[in-house]
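Chains A and B are the protein sequences, given in the same order. Take the position in the first sequence, starting the count at 1, then add 10; the result is the number in our numbering. Take the position in the second sequence, starting the count at 1, then add 26; the result is the number in our numbering. Even glycine gets a Cβ: it sits at the ideal position worked out from N, Cα and C.
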Amino acid sequence: MNIVVSIKQVPGTTKVAINPATNTLIRAGVEAIINPFDMYAIEEAIRLREKFGGKVTCITMGPPQAEEALKSAIAMGADEGILVSDRAFAGSDTLATSYTLAMGIKKLGQFDIILTGKQAMDGDTAQVGPGIAQWLDIPFIAWVKKIEDVKKDAKTIRVERMMDDGYEVLEGPLPILLSVVKEINEPRTESLRGKMKAKSFKATVYSAKDIEADPDFIGLRGSPTIVNRVFVPVRSGKKELVEGATVEEKVSKVVASLRESKLVN
Amino acid sequence: MDYFLTEEQQMIVDTAKDFAHKVIKPVREEHDENQTFPWEVVKKMGEAGLCGLYIPEKYGGTGLGILGLCLAVEEMSKVCSAIALSMAATGLGTFPILLFASEEQKQKYLPDIASGKRLAAFGLTEANAGSDALGMQTTAVKDGDYYILNGTKQWITNAGEAEIYSVFAVTDRNRGSRGLSAFIIEKGTPGFSFGKKENKLGIRASATRELVFQDCKIHKSAMIGSEGMGAIIAVNTLYTSRPGVAAQALGIAAGALDESINYARQRKQFGQTISSFQAVQHMLANMATEVEAARALLYATARSIDKAGDAKGFAKESAMAKLYCSDVAMKVTTDAVQIFGGYGYMKEYPVEKMMRDAKITQIYEGTNQIQRNEIAAGLIKSAASKK
């Protein structure tokens with residue numbers, strides 16, 4: 011089974027200043043780490059390989075120093091690391107980034123599952139994962155909290171998707187892209203053998219030319235996004251408290267209200 | 027202090043440190059309080075590559091020697107020596123195999139030990155044969171191609187949890203120290219059972235039980251070396267394993283020192299941090315000096331053994347390292363509790379556990395009195411041989 015993990019190198023702190031002129035993050039001088047959510051994707055990929063065999067390839071788009079993120083992934087147990095890096099990619103928004111990564115994954119060849127973290131902790135957009143799936147024209151499932159089963163021969167996968175109040179069981183065909191939540195596993199620490207392997211690791215670098223990128227779709231030119239304002243969206247989910255003297259009374263009120271809204275008969 | 031660690035040795039330190047903080051620290055109190063065996067940690071320890079450091083690469087290990095073992099044990103013991111002991115005591119049970127077993131036996135057992143899949147244990151001590159190990163009562167009577175074992179081993183670390191046991195028994199009472207033999211006995215062998223789990227002062231996450239042999243029939247192919255080699259195997263195993271105990275003790279001491287410095291810098295009395303008081307400063311200075319001296323002695327001993335490829339020539343030094351590191355551990359942890367004052371005596375803070383855990387390092391794998399005998403014997407022997 012060929013498993014691709016798309017990872018991102020992010021600043022190792024939540025206290026990142028925002029450039030007021032461009033509304034983008036100031037990354038200079040901050041220690042870089044693998045996006046914490048991507049750690050769960052790497053762990054899950056390694057577990058899939060342990061169970062089904064195959065290969066785990068991590069891919070990232072970034073400047074040359076993003077190779078460090080791939081090194082950490084190798085130390086955890088990934089087999090290969092691809093750095094998609096070119097000056098032409100500078101200024102990419104999530105659309106251009108997902109195009110670039112999708113082209114990089116295409117160049118890699120055949121794959122069964124692409125894993126990503128549910129979002130990056132710096133940009134928090136959660137758009138690149140689904141973007142990659144769109145460019146590759148494969149299905150995408152977000153917030154996966156468990157991979158229940160993979161049928162290699164039938165080429166299907168069954169997963170649990172985390173919802174606000176419970177989870178959904180979804181089945182899809184392979185190849186597929188899954189974004190995972192932290193409930194899915196507990197990432198392992200870097201192993202000694204992995205560290206030794208990482209020491210001599212050199213990432214394979216893909217340039218814009220290597221991935222045969224359309225210049226109109228990459229970098230600033232391929233990025234239609236203009237950041238107007240950065241804010242945390244307000245949740246609109248409504249809550250209703252049911253009052254009552256006894257449990258029976260509360261239950262009958264709940265049932266009555268469900269009937270009223272025609273949710274039960 | 028710069029100990030001139032190689033890049034690989036530094037990686038052991040980094041890996042073990044990261045592992046100890048992320049995996050061991052969150053569960054150490056719980057395992058200590060409930061006396062539960064940390065299997066979930068042991069499994070991950072294997073995955074992290076920390077179980078086979080002293081095992082050669084051809085048997086699935088990393089071949090980084092006694093110093094490699096010591097660095098990992100020290101780092102993990104800074105956080106919890108009881109959990110680190112699952113691996114360190116496996117080393118003790120593995121050395122008889124590593125040093126004296128046949129190629130076939132090594133191929134059979136070492137890879138699983140190196141990967142952390144199976145743990146090992148060392149069965150030498152008995153109720154009436156502690157320091158006087160050669161006075162053991164367990165017998166192995168030859169019966170055709172088999173040996174029939176009868177007797178009970180006491181206070182065996184990892185017993186019940188481990189699957190591979192290096193067990194010592196008397197094969198010929200009349201031959202004295204030449205009448206002992208060693209066997210590899212697997213858990214589940216008919217006639218081999220375990221006594222109750224001991225309730226201990228410290229290292230409570232470590233399992234200590236009796237090994238009970240009742241007409242336990244062992245094929246002669248399970249013997250390590252040849253008949254009568256038991257005492258040689260036991261003694262050489264202990265020379266090799268003592269640096270591991272020393273590393274455990276050193277780790278406890280270093281962990282307690284770190285905790286003490288951090289605490290002293292934040293605890294305020296009389297309107298200032300207690301680290302500003304000379305009484306506390308001098309305690310910290312003594313603790314730090316002793317820890318560093320212990321480390322220097324241990325690393326030098328481990329390096330000497332690794333360079334020679336054998337611990338035989340360093341019996342005295344390995345005894346010194348074990349003696350000094352464990353005495354330092356007891357002293358430093360006692361002082362750590364003192365610096366913490368009333369808080370130090372409470373289980374909410376880690377130093378009381380460190381003090382409880384430290385005590386065993388002065389007792390097991392040869393009491394510190396026996397270590398002094400060993401050191402003195404080595405001194406007299408080398409002086410005599412010069413004449």
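Host alpha helix (DSSP H) of residue i (start-end)
i: serine 267(A); result: 257-270
i: proline 57(B); result: Sequence inspection shows histidine at residue 57(B); the proline mentioned does not correspond to that position. Note, histidine 57(B): alpha helix (DSSP H), 54-60.
i: leucine 325(B); result: The amino acid at residue 325(B) is misidentified as leucine; the sequence shows tyrosine. Residues 304-334.
i: asparagine 288(B); result: 256-292
i: leucine 180(A); result: Taken as a continuous stretch (DSSP letters only), leucine 180(A) belongs to no alpha helix (DSSP H), being part of the beta strand (DSSP E) at 176-183.
i: isoleucine 115(A); result: 104-118
i: arginine 59(A); result: 46-62
i: glutamine 36(B); result: 33-45
i: serine 233(A); result: Counting along the chain, serine 233(A) falls outside any alpha helix (DSSP H), and DSSP gives it neither H nor E.
i: serine 344(B); result: 341-366
Residue i versus the options, residue with shortest Cα-Cα distance
i: threonine 234(B); options: Gly72(B), Ile287(B), Lys246(B), Thr62(B); result: Thr62(B)
i: lysine 155(A); options: Glu170(A), Glu222(A), Val264(A), Ala76(A); result: Glu170(A)
i: serine 102(A); options: Asp163(A), Gly119(A), Val190(A), Gly133(A); result: Gly133(A)
i: glutamine 144(A); options: Met173(A), Asn195(A), Pro185(A), Glu158(A); result: Pro185(A)
i: lysine 143(B); options: Glu73(B), Ile174(B), Gln397(B), Ser128(B); result: Glu73(B)
i: alanine 51(A); options: Phe211(A), Val14(A), Glu78(A), Val40(A); result: Val14(A)
i: isoleucine 476(B); options: Ala384(B), Ile182(B), Thr197(B); result: As displayed, chain B neither begins before 27 nor continues past 413, which places residue 476(B) out of reach and without an answer.
i: lysine 373(B); options: Val39(B), Phe45(B), Asp58(B); result: Asp58(B)
i: isoleucine 43(A); options: Gln120(A), Met131(A), Ala223(A), Gly139(A); result: Met131(A)
i: leucine 118(B); options: Ser247(B), Asn184(B), Ile386(B), Tyr289(B); result: Asn184(B)
i: alanine 279(B); options: Leu227(B), Thr315(B), Ser411(B), Ala146(B); result: Thr315(B)
i: alanine 98(A); options: Ile148(A), Ser82(A), Ser189(A), Thr110(A); result: Thr110(A)
i: isoleucine 258(B); options: Ala337(B), Val105(B), Met71(B), Ala273(B); result: Ala337(B)
i: arginine 245(A); options: Lys219(A), Val257(A), Asp174(A), Val66(A); result: Asp174(A)
i: proline 21(A); options: Glu41(A), Asn29(A), Ala27(A); result: Glu41(A)
i: isoleucine 194(A); options: Leu146(A), Val215(A), Lys18(A), Glu158(A); result: Glu158(A)
i: lysine 134(B); options: Gln163(B), Lys84(B), Gln180(B); result: Lys84(B)
Residue-level contact to chain A via CB, residue i, 8 Å cutoff
i: isoleucine 258(B); result: no
i: methionine 102(B); result: no
i: leucine 76(B); result: yes
i: glutamate 20(B); result: Residue 20(B) lies beyond the residue range present for chain B, which begins at 27 and ends at 413; the question has no answer from this structure.
i: lysine 69(B); result: no
i: glutamate 73(B); result: yes
i: lysine 51(B); result: no
i: methionine 37(B); result: yes
i: lysine 48(B); result: yes
i: aspartate 332(B); result: no
i: phenylalanine 45(B); result: yes
i: glutamate 34(B); result: yes
i: threonine 41(B); result: yes
i: threonine 120(B); result: no
i: threonine 263(B); result: no
i: threonine 88(B); result: yes
Any chain B beta carbon closer than 8 Å to residue i
i: glutamate 200(A); result: yes
i: lysine 205(A); result: yes
Boundaries (first-last residue) of the beta strand (DSSP E) holding residue i
i: tyrosine 191(B); result: 190-196
i: arginine 235(B); result: 234-245
i: alanine 218(A); result: Taken as a continuous stretch (DSSP letters only), alanine 218(A) belongs to no beta strand (DSSP E), as it is neither H nor E.
i: asparagine 399(B); result: That residue, asparagine 399(B), is in no beta strand (DSSP E); its alpha helix (DSSP H) goes 394-412.
Residue-chain proximity (residue i, chain D), Cβ-Cβ < 8 Å
i: valine 138(A); result: In the structure shown, chain D does not exist; the protein chains are A and B.
Exercise for the section: Kindly provide the ranges of any beta strand (DSSP E) runs that are 3 or more residues long and lie completely inside the stretch 142-179 of chain B, ordered along the chain. Expected result: Taking only runs of at least 3 residues, the beta strand (DSSP E) segments lying wholly in the stretch 142-179 of chain B are 146-149, 165-169.
Handout entry: Inter-stretch contact at 8 Å, needing at least 3 Cβ pairs: the stretch 325-332 of chain B / the stretch 263-274 of chain B
Key = Between the stretch 325-332 of chain B and the stretch 263-274 of chain B, the count of C-beta pairs closer than 8 Å reaches three or more; the two stretches touch.
Practice task
Examine the Cβ distances between the stretch 189-207 of chain A and the stretch 68-75 of chain A and report whether three or more of them are shorter than 8 Å.
Solution key: They do not touch, by the three-pair rule.
Practice task
Evaluate the contact criterion for the stretch 169-183 of chain A versus the stretch 52-66 of chain A: three or more CB pairs, one atom per stretch, below 8 Å.
Solution key: Under the Cβ criterion (8 Å, minimum of three pairs), the stretch 169-183 of chain A does not count as touching the stretch 52-66 of chain A.
Handout entry: At least 3 beta-carbon pairs within less than 8 Å: the stretch 31-50 of chain B vs the stretch 94-110 of chain B
Key = Yes: the two stretches touch, three or more of their Cβ pairs being nearer than 8 Å.
Exercise for the section: Could I get the ranges of all uninterrupted beta strand (DSSP E) runs contained in the stretch 70-151 of chain B, with 3 residues as the minimum, in chain order? Expected result: The stretch 70-151 of chain B contains these whole beta strand (DSSP E) runs: 146-149.
Practice task
Flag this pair as touching only if the stretch 98-106 of chain B and the stretch 35-47 of chain B have three or more C-beta atom pairs under 8 Å; answer yes or no.
Solution key: With the cut-off at 8 Å, the stretch 98-106 of chain B and the stretch 35-47 of chain B touch.
Exercise for the section: Could you tell me whether the stretch 231-239 of chain A touches the stretch 114-125 of chain A, using the rule of 3 or more Cβ pairs below 8 Å? Expected result: Between the stretch 231-239 of chain A and the stretch 114-125 of chain A there are fewer than three inter-stretch CB-CB distances shorter than 8 Å, so the stretches are not counted as touching.
Exercise for the section: May I ask you to verify whether the stretch 242-258 of chain B touches the stretch 196-205 of chain B, counting CB pairs closer than 8 Å and requiring at least 3? Expected result: For the pair of segments examined, the stretch 242-258 of chain B was found to touch the stretch 196-205 of chain B: the number of CB pairs separated by less than 8 Å reaches three.
Handout entry: Inter-stretch contact at 8 Å, needing at least 3 Cβ pairs: the stretch 218-230 of chain B / the stretch 380-392 of chain B
Key = Taking one beta carbon from each stretch, the stretch 218-230 of chain B and the stretch 380-392 of chain B have 3 or more pairs nearer than 8 Å; the two touch.
Exercise for the section: Assess, as a yes-or-no matter, whether the stretch 167-175 of chain B is touched by the stretch 238-252 of chain B under the definition of 3 or more beta carbon pairs within less than 8 Å. Expected result: Three or more pairs of CB atoms, one per stretch, sit closer than 8 Å, so the stretch 238-252 of chain B contacts the stretch 167-175 of chain B.
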